[in-house]
Every structure is written in C-alpha cells, then in structure tokens.
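Working notes, beginning with the structure itself.
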Amino acid sequence: CCVLFDFVSDPLSDLKWKEVKRAALSEMVEYITHNRNVITEPIYPEVVHMFAVNMFRTLPPSSNPTGAEFDPEEDEPTLEAAWPHLQLVYEFFLRFLESPDFQPNIAKKYIDQKFVLQLLELFDSEDPRERDFLKTTLHRIYGKFLGLRAYIRKQINNIFYRFIYETEHHNGIAELLEILGSIINGFALPLKEEHKIFLLKVLLPLHKVKSLSVYHPQLAYCVVQFLEKDSTLTEPVVMALLKYWPKTHSPKEVMFLNELEEILDVIEPSEFVKVMEPLFRQLAKCVSSPHFQVAERALYYWNNEYIMSLISDNAAKILPIMFPSLYRNSKTHWNKTIHGLIYNALKLFMEMNQKLFDDCTQQFKAEKLNEQGFLQVVVQITHLF
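The sequence shown runs 233 to 617 under the numbering used here.
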C-alpha cells in the first residue's frame, strides 16, 4: 500500500496493480472497522508511514492562480486523479484514529508537529472531497492529542495571516473555519487573551478578502460563537464589521447584513446601546440602496421580534436616524416590494411611539423646507451672475 501509481500522465498504466492496491486498502478498512484489539504497538509507525507516503505530496499548481472568486455554481473544481486510492487511505486512517483501541500516548511519537504541518498544507487541495476528509482528520487529531492543540491553532492562524495579507488565495479556508467553529465552541470561560486576539486580528480581517462568499457562513458562525461566549466583544466586532463594510459590492453587503442579524440575535441589550447609533446609520444607508436585495435585506430586520424589542427600548435614538431614509424612500424607491417593506417599518415605528414619530415627521418636513429655501437662494444667486 506504500507503492504510488501514476494516475495523471498515464492513467491506463499498471491497471492490474492499481486494482490490487485498491482491493488491499479496501480490505484493511473493513478489517480495522469490524475487528477489536488489532491495533498493536508495532502497527502505529506503519499506519502513519503509509498515510504519509500516500498523502504528503506537492499539490499541483492552482487552476485559478489570480485568486479570482471561486463560484461553486459556475466553476468546476479540479479533482484529484488518484482519488480511488487516496479516499481509502483517508478512510483507513480515520477508522484508525476513531478505533476504541487507539492509544494517543503511543501515537504521539509518530503524529507530531511535523505531521500536522504537512496535513495542513493539504488543505489547499482543489478537490473538495479531499478537503472534507482533511477537515474530519484534523478535527479528530485535535480532539485526541491535547499536546498538539495550541500548535494546530497557531498554524491555522499562520495560514489565515498569509491568506489575508499576502496571497488572498487558499482553497481550504471554509474547512479550516468549520474546524475552528467546533474548537471555539469548546473554549473554557473566561476566554484567554490569545483567543480574543485571534478574533480581533484574524477572524475579523477575513471579512475584507474579496473571496469572502466562499467561506462567509463558516466565518459568521465563528464570530457569533465568540459573542455567545463573551458579550463584551460585541462592540469591537460590530465596529470592525462597519469598518470593513463593502462600498460597491451589493452581494457582499447582503452577506454583511445576514451576519449582523445573527449578531443582533445574540446581543445583550447593554452591548446593543454601545453600537446602535453607528449600526443604524449604516442600516439607513442600506435602506436607501438602489440595489433591491440590499434594501430588502435591511428592511427584513423589522420582521425580527428581538431586534424590534431592542429598537423599541431605544426608539428615541434610533427613529431620528432611520426616519429620513425610510420617509424619503417611501416616495422615491423604484421597487414596489421595497415600498411595502418601508411602509411596514414606518407603521411599526408609529405604533411604537406616536409622539416621537410625529416629531420626526415635523423635523423632516422643516428640514426639507429649509433645503428648498436654500436651493431657491442658490438658484437666485446663480441667475444674478
């Protein structure tokens, strides 16, 4: 099983021996799955060696080297030609790690930092099937080898740093974030300073990379996990999202609005007060967006009961920020669906606090009159010249 075959330049070569190896690997998977007490001490170095020989290889050059955004709907991933063998090696190694007979104390001599580093390098594989196996394998290693945990987190950090600040291209960011989602979930309280720094210096800057759509659901999950662990992180997280808010990319804006709603779903009222003004200034811009999906996504916040309760408790601050955008767009937005959503938002504000709503209406009309008066003066001055 340690003999490597050529599946790329000559796929039809050694067909008989390729099948012999595939059958042997398949038999080993069956054997380790259905038998107990078969993992003896001499087996450990052999299994790790067999895995290393088959898996640790130089990945082919990227088929998308410029780092243009990968679209799962449109773009075909490059699949690994040797997958019939690789899949069975991964399956065997996973059954080995998951076996009740597996002893981390013996295995740690062979599954060490060098092994982990080489495993992490494979996450840049273009084959999603391989990345899925890698994700499960690394997660099992993280769970069983306490001594490797800090090292694994540090090396994942390094991959993210290179991705954000150097290459902006890596195929395995979504899978690595998925592993981190589970790791963050298990963090003990109070959170260590290094974990908070990871959130602020690594996870949040991942929002500014142009290929965000490929890994955004996993990233948002990690961020929300942190806020559920420690609500005092809410303000720096929301302020960072507002800082990285897309200026011209409407699909990315919709992603940010999705994530912001997930954050608001778990926000503490005391933390909401700290961020509500800049947050609703951004929402007011989104409501005014000529992009239908952006305006629609922002207005759906008014269908969220918890967000409405937060708004209701702070209406005196929020309504004056939102009213001009809502009122103006109720008259001018090109899309009829948006009109309906705006009327719904205005109606909810009116029911919340009729007097405040009337005050905002008067204030808005007075400002409009002042604006018109100012424009007339400008026109008159222009005519004089």
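Heads up, the beta-carbon is just placed ideally off N, CA and C, and yes, glycines get one too.
On a predicted model such as this, the values are computed, not experimentally measured, just so you know.
Using alpha carbons as the reference points, say which of H439, E485, P478, N286 lies closest to V469.
-> V469 has its Cα closest to that of H439, out of H439, E485, P478, N286.
Excluding the 5 residues preceding and the 5 following M224 in the sequence, name in chain order all residues of the same chain whose CB lies nearer than 7 Å to its CB.
-> Only positions 233 to 617 of the chain appear in this structure, which leaves residue 224 out of reach.
Under the rule that 16 or more other beta-carbon atoms within 10 Å means buried, what is Y447, buried or exposed?
-> Result: buried.
Would you call the CB atoms of I271 and F347 closer than 8 Å?
-> Not in contact: I271 and F347 (Cβ atoms no closer than 8 Å).
Sorted by chain position, which residues of the same chain lie with C-beta nearer than 8 Å to N417's C-beta, five sequence neighbours on each side aside?
-> So the qualifying residues of the chain are Q457.
Kindly list the residues whose CB is nearer than 8 Å to the CB of L444, restricted to its own chain and excluding five residues on each side of it in sequence; keep chain order.
-> So the list reads L438, L451, K484, M487, once near-sequence residues are dropped.
Can you tell me whether DSSP reads K424 as helix, strand or coil?
-> Looking at K424 - three-state DSSP - the assignment turns out to be coil, as it is neither helix nor strand.
Considering only residues of the same chain and omitting the five flanking positions on each side of P478, which have a CB-CB separation below 7 Å?
-> K484, E485, F488
Closest to E410 by CA distance: which of Y263, C454, E398 is it?
-> C454
Do the segment 557-568 and the segment 514-522 make contact, defined as three or more Cβ pairs closer than 8 Å?
-> The answer is yes - the segment 514-522 touches the segment 557-568, with three or more Cβ pairs under 8 Å.
In its own chain, which residues sit with a C-beta less than 7 Å from the C-beta of F209, not counting the 5 before and 5 after it?
-> Because the chain here runs from 233 to 617, residue 209 falls outside it and cannot be looked at.
Can the beta-carbon of G404 be found closer than 8 Å to that of R372?
-> Contact: no.
Measure the CB-CB distance between S463 and E407 and report whether it falls below 8 Å.
-> no
Spatial neighbours of E599 in its chain, beta-carbon cut-off 6 Å, leaving aside the 5 residues before and after | Closer than 6 Å at the Cβ level, and outside the excluded window around E599, lies no residue.
Rounded to whole angstroms, how far is the Cβ of V498 from the Cβ of L459, which I believe are closer than 8 Å?
-> 6 Å
How big is the Cα-Cα spacing for V240 and N286?
-> Confidence in V240 is poor, its pLDDT being 49 and thus under 50, which makes the residue's placement unreliable; the coordinate value appears in the next sentence. Rounded to the nearest angstrom, the two C-alpha atoms are 15 Å apart.
Three-state secondary structure (DSSP) of A318 = The question names Ala, but residue 318 is Leu in the sequence shown. Helix at L318.
On the premise that K461 lies in contact with L412, defined as a C-beta separation below 8 Å, what is that separation, rounded to the nearest angstrom?
-> So it is not a contact: roughly 13 Å between Cβ atoms.
Nearest residue (CA-CA) to T402, options W315, F355, L573 = In the sequence on display, residue 402 carries His and not Thr. If we check each option's Cα against that of H402, F355 comes out closest.
Whether F328 touches I264 by CB criterion (8 Å) | yes
V434 burial status per 10 Å Cβ neighbour count (16 or more: buried) = With 16 or more Cβ atoms within 10 Å of its Cβ, V434 is classed as buried.
For D359, which of L311, M471, I539 has the nearest alpha-carbon?
-> L311
Boundaries of the alpha helix (DSSP H) in which G375 is found, first to last residue = For G375, the enclosing alpha helix (DSSP H) begins and ends at 360-376.
Alpha-carbon spacing of L318 relative to A527, whole angstroms | 47 Å
Given that a residue counts as buried once 16 or more other Cβ atoms are within 10 Å of its Cβ, and exposed if not, what is E500?
-> Classification of E500: exposed, given that the 10 Å Cβ count is below 16.
Please go through the same chain and pick out, in chain order, the residues whose beta-carbon is closer than 6 Å to the beta-carbon of C234, but skip the five residues on each side of it.
-> Here C234 scores only 49 on pLDDT, less than 50, and its place in the model is too uncertain to base an answer on.
Verify whether the separation of the beta carbon atoms of Y374 and I415 is less than 8 Å.
-> Result yes, Cβ atoms of Y374 and I415 sit closer than 8 Å.
Assumed close pair L351, T369 - CB separation to whole angstroms, cut-off 8 Å = 7 Å
Can you give me the start and stop residues for the alpha helix (DSSP H) that H448 sits inside?
-> 448-461
For K563 and Q612, the rounded distance between their alpha carbons = With a pLDDT of 48 at Q612, under the threshold of 50, the predicted position of this residue should be treated as unreliable, though the coordinate-derived value follows. If you take the alpha carbons of Q612 and K563, they lie about 28 Å apart.
Write down the C-beta distance between R361 and W315 rounded to the nearest angstrom, noting that I regard them as a contact closer than 8 Å.
-> 7 Å
By Cβ distance, which residues of its chain are closer than 8 Å to G587, with the 5 residues on each side in sequence left out?
-> The residue you asked about is not Gly; residue 587 is Lys in the sequence shown. Cβ neighbours of K587 beyond the five flanking positions: none.
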